[in-house]
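Residue numbers (this note's numbering): 229 to 410.
Pasting the structure below:
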């Protein structure tokens, strides 16, 4: 579950990076558009100057300028189209980010719910284990060479637990004594 959450967060970061890149490209294209508009304005000014000068030599210049103007117009149309595509992509990215945010919130709620359920199960298991131990206590008959410490170690418990369970005040045990085990 954590791996999926990490993957989603990584994808969200990638989308944010792409969105920033598209915004930068958008600003660059706007700058180019402004430059082209200034060039068009300058060309129009040159055309006005040509009208007042020699007509034949300027007619050729005018044709060249018109070709440049057409090329600039085509470039401008492409830039406008690119800007529209970038805007559309930015909107799609924003929508995707919103959806990922919702999914992350759902995952977090699910994880919290599962964690609570696991805690409840652990408590129930501990309770059942304790009940089982009290309902079916195991006993051990002390043999020669046994000590309370040895019996505790072999049964994976502590001397204090054995003493408490058997209402003992000392570590003293005798052969054939029955010791209740946890």
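Ideal Cβ placement from N, Cα and C applies to all residues, glycine included.
Computed from a predicted model, the values in this text were never measured in an experiment.
Residue span of the beta strand (DSSP E) that contains residue 391, given as start and end: No beta strand (DSSP E) contains residue 391, which is instead part of the alpha helix (DSSP H) from 387–393.
Whole-number beta carbon distance between residue 321 and residue 247, since they are thought to touch under 8 Å: 5 Å
Under 8 Å between C-beta atoms of residue 311 and residue 260: no
Bounding residues of the beta strand (DSSP E) (the contiguous stretch that carries residue 376): That residue, residue 376, is in no beta strand (DSSP E); its alpha helix (DSSP H) goes 376–382.
Check whether residue 380 and residue 387 have beta carbons under 8 Å apart: yes
The segment 292–308 in contact with the segment 262–269 per 3-pair CB rule at 8 Å: yes
Nearest neighbour of residue 303, chosen from 257, 405, 336, 290 [CA to CA]: 257
Where residue 366 sits in the DSSP three-state scheme: strand
Contact under 8 Å by Cβ, residue 385 with residue 410: yes
Euclidean distance between Cα positions of residue 335 and residue 351: 24 Å
Residue from 241, 407, 237, 250 whose Cα sits closest to the Cα of residue 319: 250
Alpha carbon of residue 357 to alpha carbon of residue 408, nearest angstrom: 16 Å
Residues bridged to residue 409 (per DSSP): 366
Residue 346 and residue 233 closer than 8 Å at C-beta: no
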